[in-house]
Amino acid sequence: MLSKQEEELLRDFFQEMSFEDLSDVAKSITKRNLIPTSFEDAICILCQHSACMEAILEERKVTKRYICEYLHKRKVSMHNSWKKTDLVRKTLSFWKLDASSTSIKKETAEESQENQTTQEARRSEEYYTNLCYEFSKWYYSLLNDDDISKLGPEHFFDESQMQVALLNGDSTDMIEAKNSNHVAETLRGLKVQYNLKFLPNLAPGAIKFEYDIHGQVKLFASGTLHSNVGQVVGVFEQRFLLIRDIADNENWKIKSSQVILRNSNNALKSSSTMQDENLFSLCS
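Position one of the sequence shown corresponds to residue 1 (full-length UniProt numbering), numbered consecutively onward.
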């Protein structure tokens, strides 16, 4: 969109042009989506929908001859060998609008949408980074609470599922739970049976996540396992699928989860990465 000063300059520039030609310029600028009904309407269309003055002067209907006549009447010197691009620059200079600055303005207008898209993507990334950090902090704090009744089915969707793989050397024990009540009971049972405390790695970049256009979030957390007396007994990796609660848009619930618990013997051999799909092959 052009400034008021530029609008007045355009009004003066086009005052000698026929309405038919001016209308063609306005229609060309808007890809024929808008058809002006008057001189003022055409000027309004040009000012509102043009990236810069240079783009208007470069229109086919703004001929070399028309620009020459405009500059001649205003006693601006020209060279007879000049091309239209030279006349456009001379006109912009006469208006004290440097051609390079208008080109920058044109590029800026074209890039503004890209910048906006980049900013929106950055805000989304920051939002989900914070969400996954806060969720991990909350979930493992809840899991470690001495009051196991807090770990209830309300944190899971009714149709939720969970698979747990307990790795002890070469042996693997699998536990599977379906529906929110069973999942909550399974987690409470593991906590009581093994006296486990989970210490997630909450360092920047440690929590991995992906999100899609549907609003689903896949989260990957890892950390160390401890006994109630503080002894390190192993490591863990866990994946979650999180979805917003329809009853409370600010609340997220667990749709599914896969957990791997490794005992101390394998602690130094494990590598917790999103790309290591073998870690979860037993839980697929």
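Where is the CB? At the ideal position from N, CA and C, for every residue including glycine.
Next item on the list: Assuming ASN201 and GLY215 form a contact by the criterion Cβ under 8 angstroms, report the distance between their Cβ atoms to the nearest whole angstrom.
Entry: The C-beta distance from ASN201 to GLY215 rounds to 26 angstroms, too long to fall under 8 angstroms, and the pair is not in contact.
Checklist line | Residue range of the beta strand (DSSP E) that includes ASP147 | finding: Here ASP147 belongs to no beta strand (DSSP E), and DSSP marks it neither H nor E.
Check: Which first and last residues belong to the alpha helix (DSSP H) in which ASP170 is found?
Finding: It is not in any alpha helix (DSSP H) - ASP170 carries neither H nor E in the DSSP assignment.
Next item on the list: Starting from ALA221, follow the beta strand (DSSP E) in both directions and report where the run begins and ends.
Entry: Segment 217-227, the beta strand (DSSP E) holding ALA221.
Next item on the list: Label HIS72 either buried or exposed according to how many other C-beta atoms from any shown protein chain fall within 10 Å of its C-beta, with 16 as the threshold for buried.
Entry: That one is exposed.
Notebook entry, point to check: Terminal residues of the continuous beta strand (DSSP E) containing ASN263?
Noted result: Its beta strand (DSSP E) spans residues 248-263.
Notebook entry, point to check: With 16 as the cutoff for other CB atoms within 10 Å, does GLU176 come out buried or exposed?
Noted result: Classified as exposed, GLU176 has fewer than 16 neighbouring CB atoms from the shown chains inside 10 Å of its CB.
Item checked: Whole-angstrom C-beta distance between LYS253 and HIS182, which should lie under 8 angstroms -> That pair is no contact at about 15 angstroms.
Note to self: Our contact map puts LEU190 next to VAL164 with C-beta atoms below 8 angstroms; I'd like the distance itself, whole angstroms only.
What the structure shows: Indeed, because the Cβ distance is near 7 angstroms, the residues count as touching under 8 angstroms.
Next item on the list: Return the residue from the list ILE43, ASP12, VAL192 and ASP145 that minimises the CA-CA distance to LYS27.
Entry: When each option's Cα is compared against that of LYS27, the closest is ILE43.
Note to self: Under DSSP, the beta strand (DSSP E) around ILE43 begins and ends at which residues?
What the structure shows: Judged by DSSP secondary structure, ILE43 falls outside any beta strand (DSSP E) and instead within the alpha helix (DSSP H) spanning 39-49.
Item checked: Helix, strand or coil at ILE213 according to DSSP, with G and I counted as helix -> In the three-state scheme derived from DSSP, where H, G and I count as helix and E and B as strand, ILE213 is classed as coil.
Check: Alpha carbon to alpha carbon, what distance is there between ARG123 and ASP24?
Finding: Looking at the two C-alpha atoms, the distance is approximately 42 angstroms.
Check: In whole angstroms, what separates the C-alpha of ARG65 from that of LEU57?
Finding: Spanning the alpha carbons of ARG65 and LEU57 requires a straight line of approximately 12 angstroms.
Notebook entry, point to check: Nearest to PHE157 by CA position, among SER256, GLU8 and ASN144, is which residue?
Noted result: Considering only alpha carbons, the answer is SER256.
Note to self: Which same chain residues end up closer than 8 angstroms to ILE243 when comparing Cβ atoms and leaving out the 5 residues on each side of it in sequence?
What the structure shows: Shown here for ILE243: same chain residues with a beta carbon closer than 8 angstroms to its own, the five before and five after excluded, namely PHE157, GLY215, GLN216, VAL217, TRP252, LYS253 and LYS255 in chain order.
Notebook entry, point to check: For the alpha helix (DSSP H) that LEU10 lies in, which residues bound it at each end?
Noted result: For LEU10, the enclosing alpha helix (DSSP H) starts and ends at 4-13.
Check: Which residues in the same chain have their Cβ closer than 6 angstroms to the Cβ of SER100, if we skip the five residues on either side of it in sequence?
Finding: Its pLDDT being 49, under 50, SER100 is placed unreliably by the model, and the measurement read from it follows with that caveat. If we look at SER100 and ignore the five residues flanking it on each side, it has no Cβ neighbours.
Check: Beta-carbon separation of LEU135 and LEU219 under 8 angstroms?
Finding: First, the residue type needs correcting, since residue 135 is Phe and not Leu in the sequence shown. Note that the C-beta distance between PHE135 and LEU219 is below 8 angstroms.
Next item on the list: Along the alpha helix (DSSP H) that carries ILE29, what are the first and last residues, could you check?
Entry: Here the alpha helix (DSSP H) through ILE29 covers 19-29.
Item checked: Per-residue burial, ARG262 [other beta carbons within 10 Å of its own, 16 or more giving buried] -> Buried, since its Cβ has 16 or more Cβ neighbours within 10 Å.
Next item on the list: Measure the alpha-carbon distance for MET174 versus CYS132 and round it to whole angstroms.
Entry: Using only the alpha carbons, I get a separation of about 27 angstroms.
Check: From GLN258, SER18 and LYS61, pick the residue whose C-alpha is nearest to that of SER160; which is it?
Finding: Closest option to SER160, Cα to Cα, is GLN258.
Notebook entry, point to check: DSSP on VAL62, reduced to helix/strand/coil?
Noted result: In this structure, VAL62 counts as coil in the three-state DSSP scheme.
Margin query: Just verifying my parser: in three-state terms, what is the DSSP assignment at MET53?
Written below: If DSSP states are grouped into helix, strand and coil, MET53 belongs with the helices.
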